[in-house]
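Just so we're aligned: the sequence shown equals residues 1 to 203 in the UniProt record's numbering.
Cβ coordinates follow ideal geometry from the N, Cα and C atoms, glycine included.
Accompanying notes for the structure given below.
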Amino acid sequence: MARITDSATLQAIYGEPSQIVLDKVVRRLDKHCRTLLARSPFYVIATRGADGLCDATPRGDAPGGVIVLDDKRLMLPDWPGNRRLDTLHNLIHDPAIGLLFLLPGVRETLRVNGTAEVRDDDDLRARFETDGKTPRTVIVVTVAEAYIQCGKASLRSRLWEPESWVKPGELPPLAEVLRDHTLMKDIDFTEEELVASYRAELY
1 MARITDSATL
11 QAIYGEPSQI
21 VLDKVVRRLD
31 KHCRTLLARS
41 PFYVIATRGA
51 DGLCDATPRG
61 DAPGGVIVLD
71 DKRLMLPDWP
81 GNRRLDTLHN
91 LIHDPAIGLL
101 FLLPGVRETL
111 RVNGTAEVRD
121 DDDLRARFET
131 DGKTPRTVIV
141 VTVAEAYIQC
151 GKASLRSRLW
161 EPESWVKPGE
171 LPPLAEVLRD
181 HTLMKDIDFT
191 EEELVASYRA
201 ELY
């Protein structure tokens, strides 16, 4: 067993990608990308921080929560979260961004890579108004490349097969996890209280 330190050795282990895999990358948001973006309610944002560490964070909204501005730009709302602002701090330090869009029940995913900026323009925020509320900021992404990722990961994981999903009670309650992680022994809440707190600040 040896550490692999160069790309040529790595590629030799796996072989060369097919031509269709190389050619599937597009440099703009075409009609197919737009269709997938319009239907995707869940995506993951990857960024890199000033400490050199990479970070991936989940985001979700009703389908249509991602707005395409034109062939090269899309916009993401930043709704209330835990106020750590990891993604936003990272983008201010390094504008590189990677996005993975999922559609429930669909094997394939859409990957988008590019650069991004954090903005608080009133007119941009207003485009995401929900229940009378607007996001504090929006992330405007300039697309460098986009492509469909094959569905093998979804098939291997049985991601969209309900019988493979975690059953209620199979995991420890979040309150227990937080007590152990934070060493704050007074943390205590029920599942119902947790869900209520989530819903109180969705937007």
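Delimiting residues of the beta strand (DSSP E) encompassing N113: Going by DSSP, N113 is part of the beta strand (DSSP E) stretching over T109 to R119.
What is the DSSP secondary structure of R125, counted as helix, strand or coil? Note: R125 maps to helix in three-state DSSP.
Could you tell me whether the Cβ atoms of R107 and L178 are closer together than 8 Å? In this structure, R107 keeps its C-beta atom at 8 Å or more from the C-beta atom of L178.
Taking the beta strand (DSSP E) that D71 belongs to, which residues open and close that run? Annotation for D71: no beta strand (DSSP E) segment contains it, and DSSP assigns it neither H nor E.
Same chain, Cβ closer than 6 Å to W160, neighbours up to 5 away in sequence not counted: Taken in chain order, the residues that qualify are G105.
Please list the terminal residues of the continuous alpha helix (DSSP H) segment that includes T130. Premise fails: T130 is in no alpha helix (DSSP H) and is neither H nor E.
Given a threshold of 16 other Cβ atoms within 10 Å of its Cβ, counted over all protein chains shown, does I139 qualify as buried or as exposed? Buried is the label assigned to I139, since at least 16 other Cβ atoms lie within 10 Å of its Cβ.
Using the beta-carbon count (16 or more within 10 Å), is P77 buried or exposed? Counting of Cβ neighbours within 10 angstroms places P77 among the buried residues, the total reaching 16 or more.
Best match in E201, A96, L110 and V166 for proximity to E117 [C-alpha to C-alpha]: Measuring from the Cα of E117, the nearest candidate turns out to be A96.
Taking only the alpha-carbon atoms, compute the straight-line gap between G64 and P41 and give it to the nearest angstrom. Whole-angstrom Cα-Cα distance: 7 Å.
Work out the CA separation of V143 and R73 for me, nearest whole Å. Those two C-alpha atoms are separated by around 6 Å.
Which same chain residues end up closer than 6 Å to G169 when comparing Cβ atoms and leaving out the 5 residues on each side of it in sequence? Taken in chain order, the list of residues that qualify is empty.
Classify residue 213 as helix, strand or coil using the three-state DSSP reduction. With the chain covering 1 to 203 only, the question about residue 213 has no answer from this structure.
Go through its chain and collect everything with a Cβ distance to T134's Cβ below 7 Å, but skip five positions before and after it. Contacts found: R125, A126 and F128.
Are the CB atoms of K24 and Y147 nearer to each other than 8 Å? Against a cut-off of 8 Å, the Cβ pair of Y147 and K24 comes out as a contact.
Report yes or no: do three or more beta-carbon pairs, one from the segment 83–99 and one from the segment 43–58, lie closer than 8 Å? Result yes; three or more Cβ-Cβ pairs closer than 8 Å.
Take I187 and list the residues in its own chain whose beta-carbon comes closer than 8 Å to its own, dropping the five residues that flank it on each side. Contacts found: A175, L178 and R179.
Do three or more CB pairs link the segment 52–60 to the segment 3–15 at distances below 8 Å? In this structure the segment 52–60 does not lie against the segment 3–15, because fewer than three pairs of beta carbons, one per stretch, are closer than 8 Å.
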